[in-house]
Structure formats: C-alpha cells, structure tokens
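Here is the structure we will look at, set down as structure tokens.
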Amino acid sequence: MSKVKEKYDLILKKAEEYRKSLNYTEKIRIRVGSATCEHAAGSTTVYEEFRKHIESSGRKDILLEKTGCTGRCSCEPIVGIFVPGKFPIKYQLVNREKVHKIFIEHVLNGKIVKEYVLDQAPDSCKYHVLMCDGSGCGGALESGIRFIFEMKLEEVGFTQQDVLLTSIGCLGFCTNLEKSLSSAQILVRPDNVIYKIRTAKDVEEIIENHFRNGKIVERLMVKDRPISQRFYNLYGDVAFFNKQTRVALRNAGVINPENIYDYIHYKGFLALSEVLEKNDPDWVIEQIKISKLRGRGGGGFPTGIKWESAKKQKSEEKYIICNADEGDPGAFMDRSMLESDPFSIVEGMIIGGFAIGATKGYFYIRAEYPLAVERIENAIRECRKHNILGNNILGSEFNFDLEVRLGAGAFVCGEETALIHSIEGERGQPRVRPPYPTESGLWSKPTVINNVETFANVPPIIVYGAEWFREIGTDRSGGTKVFALAGKINKTGLVEVPMGTTLRKIVYDIGGGVAGGKRAKAIQTGGPAGGCIPEKYFDTSVDFDTLSKLGSIMGSGGMIVLDEDDCMVDVAKFYMEFCQDESCGKCTPCREGTKRILEILKRITEGKSTEADLDKLERLAKLVKRTSLCGLGKAAPNPVLSTLTYFKEEYIAHVKDKKCPAKRCRSLIHYEIDQGKCVGCTMCAKNCPVNCISGSRKEPHVIDTLRCIKCGRCFEVCRFKAVMKI
Amino acid sequence: MCKDNAQTTQLDTWKEVEAFAKRTLPPHVVEFIEEAQREPHPESKLIKVLQLVQEHYGYLGKTQMDAVAQLMQIPTAKVSGVATFYHYFRLVPRGKYMIRICLGTACYVKGAERVVEKLKEELGIHFGETTKDGLFSLEGTRCLGCCGLAPVVEINGEVFGQVTPDKIPAILEHYSEKTD
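Residue numbers (my numbering), protein chains in the order written: chain U, 338 to 1063; chain E, 2 to 181.
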C-alpha cells in the first residue's frame, strides 16, 4: 500500500470512529441551518431554543447539529428532524414558538407537525420512490419504467399513501451504466436504497418483497453510492430540490460545514488522495480537460486549458487563487458554498495547486462575508491539523499552503488582474492583458485564478469520473451550474441544474413561477455585466454560448426575475448606476462613458429626453463596450444594449409619450383618486406626508398633484383601491 | 483618539518616528505589522492592516494612516490611495450603530429604495452621514448575499430581512433604547 493511501485510510478511520462515537443510528438528530442567510432569518435563536429544550427534557439521545444552507432562502430558517428509520422531515420558517411545538410533538412524541413542513412536502406515504430522470442514463420516464411501475402498483392495489413516485433530476450514475433506454435507477426512501431496474419482473419483485414485506431486494441493489444519494435522501420530497442536480452543492445542507470528519465521511479528500497517489499533474489536467469544466466565474474559459498553460511555465514559484469576491448584486452562490461546504473548495484548490505546481494558494474573499471567512479559516486550520495542508501532504512529496486575503469592497476586484493587485496590497485596478496571469500574475509569477464554484466541482470530477461530469452538461460545457434565483419569483434560492437546462424550467418548474400570479417579463442574468432576456426566449437552454448570443452573459449565475411591474429602463439605470460607481477610473471609456450613459438614462426616466438621446445612448454604449480596458467596462453596457434590443418600445414610451408603461418611473406618473370608489375614510389624507390630499369625512378626496411628491403612500394605504397610479 | 496636530510634533530620528507610530496604533496592529515584516511581501498586507485599524477605531484617521505608512515603510500617498479606493474604508468617524442597507438587484426590485427613503427620513441624514447624537450612521452597501430575504438591512452585523418602511421605526427604536 502506498504511503498516501495509508495516510488517507488513517484519516478516514478517524472520521468513521468519530461518527461512531456519536452513535448516529440510535439517536434523533436535529439539524439547524447555519449560514448568513439562515442567521438573518433567525436560525441562531432557533438553535439556542432547541438546545434549551433538549437540556430541560433530560434526554441523552437527541443530537443538535449545525448544517449549511440548502439554498431554499425564502423558507429559512430550515430545521431537519431525523429519526432513525423514519423519513427525514424538514420544517420551514421555524421560529421560537414553532420550536416548542416541533420539539414536543415531533421529537418527543413522533408526531409530525404537518403545517410547518417545508414546501408542504408529502409525508404520509410509507415508501417514497425517487426515479432518476437524468438525461445521461435514459431515465425512468423515457425507458417506460415509470409507466410500468404505476401500472403494477395499481394492479396490487397500492395507493399513493403506500408508495409515492416522484421524478427527480439526476442521481449521478450516468457513466456507470451502459447507456440504454431499458434501465432506470430508483432511490427508495426512507430506507435509502438504490435499485437498478431493467424489466417489469424487477418491478414486481421490488413491490412484492420490499414494499409489501419490507425486505430489501439485494439482487437489484446498486452498491455504489452516487453523488446525489445523500442529498436526495434528505431532500427528495421537496419539489424545489428534486428537480435539481447537485454536484457543486452536493454537501450544502447535508454536512456540518465546521466538521472535517463529516466532510471526509462523504468522500471528502478522496479525490486529493487519488491525485497524490497517482502523482501525475498531467493526468489531473487531462481529467479536467475531458470533463469540459469551464470557469464558473462568468468568462467560461476552459479550466483544464488554463491549468495546462500555467503548468507549462517554468518558475520556482507559482500561485493559485480562489476568487471569492462575489460582488454581483443578486448572486450569492459562492457565499453559500463557502459557508456550507468549505472543505470541498479547499480540496479543489489543493488539487489545482498540485496540477500546476503551485506551493501557495490564496483565498480572496470579500470582507462583507464574515461567516464565509470564518468557515474557510476554520477549514484551513483543520486541514493543517490533519496534514492535508502544509508540508508533505498526506505523506506525499507535495507541499502546499493556503492563506485568506480579504477584499475591501471593490467590484472591479473580481477582474483577475485587479484582484492580483489587491492581494499585492495595491489599489485594485486592472491592467492590460496579455500577459495573462497564467504567465505573469501575482508578484509576476504564473498564477491561476478560478472561481469558488469551479473549485467545488474539481473533487467530484476526480472521484466520479470526468466522463460522468461531461455527460451531465452540454457538448461544449460539462457539469452543472448553480444559479441564484431571486427577484419576483415564488421560491427564491439556489438552483443547481445541468448546463443546457431551459430558463423556463428554472423559473417555473423549480422556482414555482412569478410571485403574485403576475407575468414574467424578463430574466436578468449575469449581474451588472449581463443583460435582460425577454420571456419569449425562456425556452433557450442555458449555457455560456447561448446566453452570450442573446446579448447577456452567464456571469457568476445571478438570475433576477422581473415581472410586468418592473420598468426595463429603470433596471438598466440601476445597473448603470452600479457600474458607474464601481468603475475604477483607470480607462476613459469606462470612467466617462458610464457616467454619460447614466445621465442619458436619468433624462429618459425623468421624461426630459428627446428621440436623439436613444440613438446617442446606443452609440455610446457600443463604444464603451468596444474600447474599455477590462471586463467591467466591456460588459457594463450590456444591460442597456439588451433592453434596447428587446424592450425598445418601453424606451420609446418614455421618450415620446413621456409615459412609463410599468408605472415605476416617478417623474412620469401621478396619483389620482377615483371619485366613484372613494368612500372618504380619510386614510390617505392622514398618511400623506405633505398634506396634499383634501376632502372631508365620507366625501371623495382629491390629491393636489402640484404639491404631491408621489411617494405612493396613499396608494398603499387605500383599502378601496380608489387611489390610481396613472 | 486621534489628534491631527500630533503631526506637527518634531520627530527627528527614525527611533522617534517609530516610537510615535507604535504609540499611535493599537498593540495588536503593531504586532501584526512586525510579523508581516518577517515574511515575504510584507507590503501586500496593507489592506489587512487598514482593516484592523478601522475595526479598532471605527474609521481611518490621518494620524493612524501616517503611522501605518511609517511602520510598514510604504509611502503615505499609497496608503491613502488604497484607503480611498476601497468602499470598505471610512475616513470620518461613524456612529455607534452602522446601518447598512443592501442596494443589490434583488433588494432593489423588492423595494429597497423606499426603505432607504424611510431611513433617511427617520434619521434625518443621507448616505455617509451620522446622526447628531452619534448613534446612527447610514450607508448603502453592495449585495449582502441574502437576496432571498430582500430587502435587507444590516445594523452592526445583525441582519434584518424582508424590511418594509413600516418596520423601520421599530428597528431603530430597538437600537436607540439599547443605549439607555
């Protein structure tokens, strides 16, 4: 046995012993979400409250744990209750009062508190069958297995209360299979068993033996533990999650992010041990190339090629940097990964460092993410303790260490050359490329910079295979992408789907559609550097290339859903304000251009523009795009250009008719009271901050539009819908 | 805390300058700088040093920045260049409670603008200003990454989600009462 393998087994043994000592199989576990978003929603109080409850109950068989965030933001805090042999139950929007009820009824007396269950997931069935529908293996639907299953269940008289069937994203088996349409994988909850089914006879056997008699059918059981098994076992009943494919977020909400043994138990550092045992950087780079992993920070540059070009450089010192300066407004997937699964990013960085021959790595994290910084620092400390960082990692010849550097709030530092300057202690201004950082980067040494999500994908590629990863995505881009879904959507949160999934699926199937039953108008992707994609293109499959064809970008993966109440000119103005403020001022097109574009947009939204402005706006935007020095300036006009392309009529309405169709731009609207509807309740007059509403009790009121400051207060407080926005 | 006239004190020798700089900065910052000097690329720690100084005093005063420049042997122009470049640094003292309202996209479309107005109205200050009683400072901030809870307001590290203008007075009261 090699030295690395020996060392790894030793650590693995330690991890298993630790878990054994906690006696998981006999204990009830309460897991409370713990991340910035969870904390904001009140999860620390919830945690404290559970601790007190456990203490006063005197029970020794209840474990209280922390876990990261799963990404179902609008339902946080989320609490999971795991009773051995029972379905894992998750509760949403937990607060102090709910803790009491959950603890008394569920934890102590085994009765699920149905009204608090996350997304009202079904819980009354005896067995829950999750059928893999991944495109890689044919899937249960395509192969007809689902149909056979439904038929056979009906034949023997099983209802949904006995066995519930659900289609899910992808279990992650793809390459272990001969690709055929005649087999399907299913996961049976709560037993957490995976079967591979080929024929109708297999289905019969499972129904008879497993579902009727509670005996697991060993013959059909799959011994491998695919990447998504653990996640689906925990969250397979929640519609928001079971249509996703979790690779980068495989451990989010599954492990305790502060415990290295938890990570090791779920194949943590297995990839690193394989890499160090093979001791061949070229093999690693080859795997990354085969996987078609592309940089998740936005540019989409093939990671394997980047690593290869850094490896080729002859230099004593090389550096690898993790870009965790997630500055895009509306994107929070990196924060979630740093907070929920810090070890996997550390592991990805060590593997990357080994591949290019670096001895030192830097985490560049924004100071606005204190918890992420804390968790990464903890992960680094733990890794050093277990010889996963430092000299002779896992007994190999490889020396590597990591250091955290904090960003200080400059959006432009997401640009790689600016980021390097910032680590060097300078003002974060970009420089001309080439030379690219892979040739001359940090302290003029070859440097690779990758995004958080890119690194999170590296360990699974090594463990589960590059082909498997490639199969998940599209022809030109392997794997999945995490999107941060926010804005006017029912279910805000993190969504990880295979590359090539359509926008419609993300917004409607996973996100649950637009809030308040309104119509989606557009999706803004890629943050301030991206564009707005109108509803008619929602069937586009999402990929780096398809999005850029539509005039937007993938960016780091922010997705803001806009509905009919959002004014596209106003949205463009919002992003331009952001870019103008964040422009570092080094190059003229960006520094001056963004300022002038913003002035024009302001004129338009204030109703002071002429038609010539539209032409000027377009020419100026194109000029800035063409001539700016770095990505910030090059992409800053995207929101303007894309809205000009797809929503020209809104611009024209502002300019020509001096009207804002979405009634958002304050200068172009005014408020009136419908004399027929007003009952004279005086509510509006009482609330008006400038006292411009007159009228006596029980008489229709009138707004003095000259004095009105258009704050909209009357519109909100009127209970008779008598105040009109015109 | 910071006396700008300290600059006028006659400091002739490096020893005096060094001693003065060390007196000016909190001990843990001096220690951090000394440790950094022993490692390669000490100048790269400038941002971290300034962050430590700001954490201690709440802002970066001119005297402190000069002391950092002296101890780290970095031109004062560069120190102030860095301090003015990044949004994180403040050059004027701030209130006891720092109110930061997220100006990210998700918060914007969910009505952060109106929350901003309400805050400005209640406090009687604009962005970057501090109330006369020294209690509250107001600042717009980059996306805090809690988009699911938009609009978001953060006060001294405590995050409030789904804030509406109506909730503002109660939130402010909670803090102003704390001091009584």
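By construction, the Cβ of each residue, glycine as well, lies at the ideal position given by its N, Cα and C atoms.
CB contact flag (residue i, residue j, <9 Å)
| i | j | result |
| --- | --- | --- |
| Ser565(U) | Thr582(U) | yes |
| Val819(U) | Met670(U) | yes |
| Asn755(U) | Gly863(U) | Here residue 755(U) turns out to be Ala, not Asn, going by the sequence shown. Not a contact, by the Cβ cut-off of 9 Å. |
| Ala589(U) | Gly408(U) | yes |
| Phe419(U) | Ile365(U) | yes |
| Val383(U) | Val436(U) | yes |
| Phe137(E) | Lys168(E) | no |
| Tyr701(U) | Asp662(U) | yes |
| Asp994(U) | Met1061(U) | no |
| Phe21(E) | Ala70(E) | no |
| Leu94(E) | Thr131(E) | The sequence as given places Pro at residue 94(E); Leu does not occur at that position. Their beta carbons are under 9 Å apart, which means Pro94(E) touches Thr131(E) by this criterion. |
| Lys1000(U) | Leu978(U) | no |
| His88(E) | Arg143(E) | yes |
| Ala859(U) | Met905(U) | yes |
| Glu986(U) | Gly1017(U) | no |
| Pro767(U) | Gly968(U) | yes |
| Val110(E) | Asp1041(U) | no |
| Thr404(U) | Gly370(U) | yes |
| Glu936(U) | Leu1005(U) | no |
| Thr883(U) | Cys924(U) | no |
DSSP-derived helix/strand/coil call for residue i
| i | result |
| --- | --- |
| Ser138(E) | strand |
| Ile75(E) | coil |
| Pro871(U) | strand |
| Ile399(U) | strand |
| His1007(U) | coil |
| Ser565(U) | coil |
| Lys828(U) | coil |
| Arg535(U) | coil |
| Arg770(U) | coil |
| Pro796(U) | helix |
| Thr407(U) | coil |
| Gln861(U) | strand |
| Tyr801(U) | helix |
| Tyr701(U) | strand |
| Phe606(U) | coil |
| Lys342(U) | helix |
Classification of residue i by the beta-carbon crowding that lies within 10 angstroms, buried from 16 upward
| i | result |
| --- | --- |
| Asn728(U) | exposed |
| Pro666(U) | buried |
| His390(U) | buried |
| Arg718(U) | exposed |
| Ala352(U) | buried |
| Asp346(U) | exposed |
| Asn736(U) | exposed |
| Met488(U) | exposed |
| Cys631(U) | The sequence as given places Arg at residue 631(U); Cys does not occur at that position. Under this definition Arg631(U) is a buried residue. |
| Pro771(U) | exposed |
| Gly82(E) | exposed |
Straight-line Cα distance separating residue j from residue i
| i | j | result |
| --- | --- | --- |
| Asn6(E) | Glu122(E) | The predicted model places Asn6(E) with a pLDDT of 47, which falls under 50 and marks its position as unreliable; any figure quoted below should be read in that light. Cα to Cα, the separation comes out at about 36 Å. |
| Cys3(E) | Gly62(E) | With a pLDDT of 46 at Cys3(E), under the threshold of 50, the modelled position of this residue cannot be trusted; read the value that follows with caution. Between Cys3(E) and Gly62(E), the C-alpha separation is close to 7 Å. |
| Glu804(U) | Lys996(U) | 54 Å |
| Tyr558(U) | Lys342(U) | The question names Tyr, but residue 558(U) is Met in the sequence shown. In a straight line, the C-alpha of Met558(U) is about 28 Å away from that of Lys342(U). |
| Ser814(U) | Gly635(U) | 13 Å |
| Gln522(U) | Arg562(U) | 12 Å |
| Val741(U) | Leu675(U) | 12 Å |
| Ile642(U) | Arg633(U) | 14 Å |
| Val575(U) | Leu508(U) | 15 Å |
| Gly970(U) | Val749(U) | 10 Å |
| Val844(U) | Cys412(U) | 17 Å |
| Ser885(U) | Val31(E) | 49 Å |
| Cys108(E) | Glu790(U) | 24 Å |
Near the ligand GTP: residue i beta-carbon under 8 Å from a heavy atom
| i | result |
| --- | --- |
| Ile348(U) | The ligand GTP is absent from the structure shown, which contains no ligands of any kind. |
Any chain C beta carbon closer than 9 Å to residue i
| i | result |
| --- | --- |
| Lys79(E) | This model lacks chain C altogether, as its protein chains are U and E. |
Practice task
Indicate whether the contact test is met: 3 or more Cβ pairs, each with one atom in the region 644–659 of chain U and one in the region 782–789 of chain U, closer than 8 Å.
Solution key: Counting Cβ pairs under 8 Å, three or more are found: they touch.
Practice task
Examine the Cβ distances between the region 737–749 of chain U and the region 45–63 of chain E and report whether three or more of them are shorter than 8 Å.
Solution key: Three or more Cβ pairs closer than 8 Å define a contact, and the region 737–749 of chain U meets that threshold against the region 45–63 of chain E.
Handout entry: Sufficient close CB pairs (3 or more, under 8 Å) joining the region 819–829 of chain U to the region 142–157 of chain E
Key = Counting Cβ pairs under 8 Å, three or more are found: they touch.
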